[in-house]
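Undergrad: Right, I'll just put the structure down here and ask away after.
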Ligand code: ATR
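Printed below as a string of structure tokens:
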């Protein structure tokens, strides 16, 4: 990689950051599209994060992605926050204007929908969707589903009160965690937005008997690529979509804003990111 005095600079701020696949992902696109740009891993501790955000315009950054644990700090630090980020309650992408202002958005909802639209026939209007989980990822999924025009969003979470709070906020139907299998009755989509099924975590215990056979099953967990939930769904004949595509698609709006090219998510990119 040869840098110049005019190389466009972006990156990802997190703590820790060593696990992040984003530098590899953006690095692939920079090379693929021949962009004079660089995307850096930026380790930023919670104590220094506010000063770090404030320093970005002076250093000439085009913008940054923000990951754990800084997505809420980013929401507070931005000069402008768009409607999607405000509803999700977190900023994962910052775009720095020519005047040095920080504009925050959240591309997780976009990434979720773009992945499902690219990888399946699901378009949102087929019937109810069931979301498991009530953390930050589940909030992004719920906002995406509502914006896609899903007729009913059902939510269940281990801590029932969190599911009820999300249901009240967004106008969803809350199911007790103990009744999560019954929530699948008549659904067109089920999404695991918990951390269950991730390498090192317990598996998600979800009997699929009530789920229509043509319903799409999606897991936002991507390590492993095929979770127990997806394997179980595939075995009974349901269409499935894994979580890697959401990670790849959520990166597209930031790349386009910083580097001026709208990038594609391709099988070659998937393989490249998986090799890391
Ligand atoms: P994220 O921002 O990635 O969504 P999070 O806010 O920590 O992360 O949320 C993790 C989700 O996984 C939550 O819905 C959590 O349920 P609780 O709200 O009850 O904590 C869910 N989760 C984590 N471990 C779980 C487990 N062992 N059983 C059931 N749900 C679990």
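Residue numbers (this note's numbering): 726 to 1001.
The beta carbon of each residue, even a glycine, is placed where N, CA and C say it ideally should be.
Are residue 897 and residue 916 closer than 7 angstroms when you measure CB to CB?
TA: Contact: no.
Undergrad: Give, in chain order, every unbroken run of the beta strand (DSSP E) that is at least 3 residues long and sits entirely within the segment 743 to 831.
TA: Within the segment 743 to 831, the complete beta strand (DSSP E) runs of at least 3 residues are 762 to 768, 788 to 791, 818 to 821 and 827 to 830.
Undergrad: Cβ of residue 746 within 6 angstroms of any heavy atom in the ligand ATR?
TA: Residue 746: no, Cβ never under 6 angstroms from the ligand ATR.
Undergrad: Give the straight-line distance between the Cα atoms of residue 871 and residue 842, rounded to the nearest whole angstrom.
TA: If you take the alpha carbons of residue 871 and residue 842, they lie about 15 angstroms apart.
Undergrad: Alpha carbon to alpha carbon, how far is residue 727 from residue 952?
TA: Each residue's Cα considered, the two are about 40 angstroms apart.
Undergrad: Excluding five sequence neighbours on each side, which residues of the same chain lie with their C-beta closer than 8 angstroms to the C-beta of residue 758?
TA: The answer, listed in chain order, is 984, 986 and 988.
Undergrad: Among 970, 855, 981 and 941, which residue has its Cα nearest to the Cα of residue 964?
TA: Of the listed residues, the one whose Cα sits closest to residue 964 is 941.
Undergrad: For residue 795, count neighbouring Cβ atoms within 10 angstroms of its own Cβ and tell me buried if that reaches 16, exposed if not.
TA: The residue is buried, with at least 16 neighbouring Cβ atoms inside 10 Å.
Undergrad: In three-state DSSP terms, what is residue 967?
TA: Correct three-state label for residue 967: coil.
Undergrad: Listed by chain order, which residues have C-beta atoms less than 5 angstroms from any heavy atom of the ligand ATR?
TA: That gives 858, 859, 860, 861, 862, 882, 883, 884, 887, 919 and 920.
Undergrad: I'd like the ranges of any beta strand (DSSP E) spanning at least 3 consecutive residues and lying wholly in the segment 898 to 967.
TA: As far as the segment 898 to 967 is concerned, its whole beta strand (DSSP E) runs of at least 3 residues are 914 to 917 and 941 to 944.
Undergrad: Going straight from the alpha carbon of residue 772 to that of residue 912, what length do you get?
TA: Cα to Cα, the separation comes out at about 44 angstroms.
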